[in-house]
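These protein sequence lines are chains H and L, in that order.
The end of the first sequence is residue 435 by our numbering, with every number in the run present.
The end of the second sequence is residue 1435 by our numbering, with every number in the run present.
Just so it is clear, CB atoms sit at the ideal spot from N, CA and C, and this is done for glycine as well.
Values in this document were obtained by computation on a predicted structure and should not be read as measured data.
Number of protein chains: 2
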Amino acid sequence: MGARAGIVVTGTEVLTGRVVDRNGPWLSDRLRELGVDLETIIIVGDRAQDMEHALSFLAGEGCDLIVTSGGLGPTADDLTAEVVGRFQGREMTMDDALRGRIAKILEGIARRWPHIDLEALEEGNRKQATIPAGATILEPVGTAPGLVVTPSGGSTTPAVVVLPGPPRELQGMWPAALITDAFRLAIKDHTEYRQAMLRMFGIPESEIAETLRRAHDAGIAIDELEITTCLRRGEVEVVTRYEPPAQATYERFATFVRERHAATLFSDDGTSIDDQVAALLRRAPARTVALAESCTGGLLSARLTDLPGSSAYVRGGAVVYSNEAKSDLVSVDPALIGEFGAVSVEVARALADGAIERFGADVGVGITGIAGPDGGTEDKPVGTVCFSVAERDGPRIDRRAHLPGSRGDVRDRSTTVAMHLLRRLLLGLGDLPTM
Amino acid sequence: MGARAGIVVTGTEVLTGRVVDRNGPWLSDRLRELGVDLETIIIVGDRAQDMEHALSFLAGEGCDLIVTSGGLGPTADDLTAEVVGRFQGREMTMDDALRGRIAKILEGIARRWPHIDLEALEEGNRKQATIPAGATILEPVGTAPGLVVTPSGGSTTPAVVVLPGPPRELQGMWPAALITDAFRLAIKDHTEYRQAMLRMFGIPESEIAETLRRAHDAGIAIDELEITTCLRRGEVEVVTRYEPPAQATYERFATFVRERHAATLFSDDGTSIDDQVAALLRRAPARTVALAESCTGGLLSARLTDLPGSSAYVRGGAVVYSNEAKSDLVSVDPALIGEFGAVSVEVARALADGAIERFGADVGVGITGIAGPDGGTEDKPVGTVCFSVAERDGPRIDRRAHLPGSRGDVRDRSTTVAMHLLRRLLLGLGDLPTM
């Protein structure tokens, strides 16, 4: 049995859904890299009893390590340090040296906000410097210190790593937690795992279930592999985790999947479609891209420029919601809109070509569609989206798709379709296969 | 003691952070609207034992109702129906009528994917129609039926509502769950809660902690209120939940906050900054807006067009990453870039003016900055972002800000600053106050 961990995310704002938890998933990734088996993520509000029960539950599940996020702020509803102290049988004490170090940080904040209430700052300072006696301090990245708290006396509760809620602070503090003796001792039984991911676009999830059955029937010992499949933003992901002795089994399995899904498998090395499109645009002959977006309203531009260094190949984009903007900005012939309608493959082509011309790019992308909730017709219902990706004086892929879901889903899924069409154009592959 | 609920989110892809859970927060909101107290959200992988322990934990915490999401798919790693059946002491049986209804749905899918493996579909069909005996069926929105499963015999475990993982399916099925007898019985002790939200922009969270202390000192019985504060996308949110008899206390508290934070409070009725900007653009005299974005790469356009009906006031946007695009698309004078640099208030002004001209809009927004991780200088470190929002021949607000965090944080936070500047311009308020 390897090392096991649990995560407790605290915060009424997370429990009530006002804030999306980014810490649970991030910590989950880090623990997996360390070969620690994550049992459970528990989200509780800022109530001491709920937090205590969550800690006890994870201890009862056999966790060797618990990581908490949140509840270290300056306000009275931030209770984590106190609750963890009680859980480990440790008194709370004010650490004067720590208080001084936090005070130094607060001086900087006070300079940024000239009219700030200094008494409020000091009250928060005292609270944040009050920690369980004997805990290991992780120096603040923001103003809150983190803690590693082991049980006092003969108790056998798991070590608890206490981290602040803001993701930037939590992530910045993690390396310091890793090198504490308590952390290393807690995960001493970690297992070596390997993990690999296969990604496909353009098949339903049931096909993967069938692939697993066929792999099993073909004599591949898939029981040695921990395989999970999921559908994400329209892509099917098959993630396999295994211990090193199962490497050969994994390779047989991966080959089996590659053969059965040759037309739709686009990644077997962990790269995302975004990474691949960026790499294809950069590699010789390097090409630049420009966009003209209607229904996606800038989402594809935002997605392409999300990667650092994208200014090397993104020439620019036009968000052309109105017909006038389509004509004025990227020279779509109004007669074309009159004849085929703004949502048509013909207009998508004109958008792609117009983007190439307007921005002087090598490759253009045009998207026009009906994201909803209104604007659908019998012939072009909500979810109808037309795409064109083209190289200047070169190959082109046009596609009309019908995408499911809400306005947000249609807009998001449209960017994924466009990324895949772009990849296929850059690889000289032609349109997506029909399954 | 009112009705209490717990949520179990299943799925290794969620536990390992590959998929962000949208169901927990959504269900949390729905339960709160019903006056049900949410205890805990537990995320577990696709392992039967972990799911069972999560259900037992929530039963032990005194939940009257448990809602599960996920694990109802056609693949063998989808175990929820079986685990919940066992938890409630019910045998699994194939429901032939249900199987027939699912088969009809699958026929539609098979038509969309002409080369699909029919055997795989049928295997999935059998699995998805196998349910705990006596469970109430919630008709599929996708292909998976939901379930409401009560304990068999004399057991006192809470009722379990079993919902599919895809948010669209889960949300579509929720109304059917609500009207089942088992659900209504489980939440019969629900409390009537009221909830209100105050939102501020431009103050640190410590100021709110001080406000709470001062409200207490001023004799406001804030113990009657359940107040949570959080920092989200740079905005401070104060959410208060209370039972109806505390209405007068809440009003005193809200007045106290409004007075102390008059300059930075922008919402006391639950509206978001996005709602407000949309409403301001629509109200007489209706105004249109156009954008020229550099470092945000289309994110602000995407944010403004996220709301249905935004085509009424968003004229369009230009994503002008390169200096050439800035000049070609929105007529930024290259000499200006030469003199002040691309990241400068002067260029932001030219971008806003150019957007107004190019798109024929009433209001223009220009954003230019250094999102990082590279490109910072001593004078303009990473996180420096310049904004200009302007009315055609009218008032204007310019701002140079330094925003913390990663590339993604800087880009996202920039859109929030721009939205607030836009609101203030449309209200005739001038620049954000300095705290």
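Query, Result
"Sequence-distant residues of its chain with Cβ nearer than 7 angstroms to R1392 of chain L (five each side left out)", "I1356 and D1362"
"Residue environment, P1132 of chain L, which counts as buried when at least 16 other CB atoms sit within 10 Å", "buried"
"Interface residues of the stretch 383–399 of chain H facing chain L [CB-CB below 7 angstroms]", "none"
"C-alpha distance - A1182 of chain L paired with I337 of chain H, whole-angstrom precision", "54 angstroms"
"Residues bridged to H37 of chain H [DSSP beta-bridge criterion]", "Residue identity check: residue 37 of chain H is Asp in the sequence provided, not His. D37 of chain H pairs with H:R4."
"Interface flag, F253 of chain H vs chain L, CB-CB below 8 angstroms", "no"
"Pair within 8 angstroms by beta-carbon distance, P151 of chain H and G89 of chain H", "yes"
"Reduced DSSP secondary structure (H/G/I, E/B, other) of L265 of chain H", "strand"
"Within-8 angstroms CB hit, W1174 of chain L to chain H", "no"
"Cβ-based neighbour list, R1168 of chain L, same chain, cut-off 8 angstroms, excluding 5 preceding and 5 following", "V1141 and G1142"
"L55 of chain H at chain L interface by Cβ criterion, 8 angstroms", "no"
"Per-residue burial, L1427 of chain L [other beta carbons within 10 Å of its own, 16 or more giving buried]", "exposed"
"First and last residue of the uninterrupted beta strand (DSSP E) at H1402 of chain L", "R1396 to H1402"
"Reduced DSSP category for S322 of chain H - H, G, I as helix; E, B as strand; rest coil", "coil"
"Beta carbon proximity, P1074 of chain L to chain H, threshold 8 angstroms", "yes"
"At least 3 beta-carbon pairs within less than 8 angstroms: the stretch 322–332 of chain H vs the stretch 1358–1378 of chain L", "yes"
"Every unbroken alpha helix (DSSP H) within the stretch 276–314 of chain H, with a cutoff of 4 residues, ordered by chain", "299–304"
"Beta-carbon gap between L79 of chain H and V44 of chain H smaller than 8 angstroms", "no"
"Residue from H:G298, H:G309, H:W174 and H:T384 with nearest C-alpha to T288 of chain H", "H:G309"
"Run of the beta strand (DSSP E) containing S69 of chain H, from where it starts to where it stops", "L65 to S69"
"Contact set between A1120 of chain L and chain H, taken where Cβ atoms lie within less than 8 angstroms", "S206, E207, A209, E210 and R213"
"For V382 of chain H, three-class secondary structure by DSSP", "coil"
"Close-in-space but distant-in-sequence residues of the same chain around T1157 of chain L (CB under 7 angstroms, 5 per side omitted)", "A1059, F1087, Q1088 and P1151"
"8 angstroms contact criterion, which V343 of chain H and V1020 of chain L should meet: CB distance rounded", "With a Cβ gap of about 30 angstroms, V343 of chain H and V1020 of chain L do not count as contacting."
"Cβ neighbours of W174 of chain H in the same chain (closer than 7 angstroms, five flanking residues each side left out)", "R30"
"Residue environment, T136 of chain H, which counts as buried when at least 16 other CB atoms sit within 10 Å", "buried"
"Interface residues of the stretch 1311–1323 of chain L facing chain H [CB-CB below 9 angstroms]", "S1311, V1314, R1315, G1316, G1317, A1318, V1319, V1320, Y1321 and S1322"
"Identified DSSP bridge partners for R1411 of chain L", "R1411 of chain L pairs with nothing; no bridge assigned."
"With 16 other Cβ atoms within 10 Å as the buried cut-off, status of H261 of chain H", "buried"
"Span of the beta strand (DSSP E), counted from its first residue to its last, around P1132 of chain L", "T1130 to P1132"
"One or two residues paired with M92 of chain H in a DSSP bridge", "H:P132"
"C-beta neighbour in chain L for S28 of chain H, strict 8 angstroms", "yes"
"Where V1162 of chain L sits in the DSSP three-state scheme", "strand"
"The beta strand (DSSP E) enclosing G1369 of chain L, as first and last residue numbers", "V1363 to G1369"
"Chain-ordered chain L contacts of S301 of chain H [CB-CB under 7 angstroms]", "G1297, G1298 and V1319"
"Where V1330 of chain L falls: helix, strand or coil (DSSP)", "helix"
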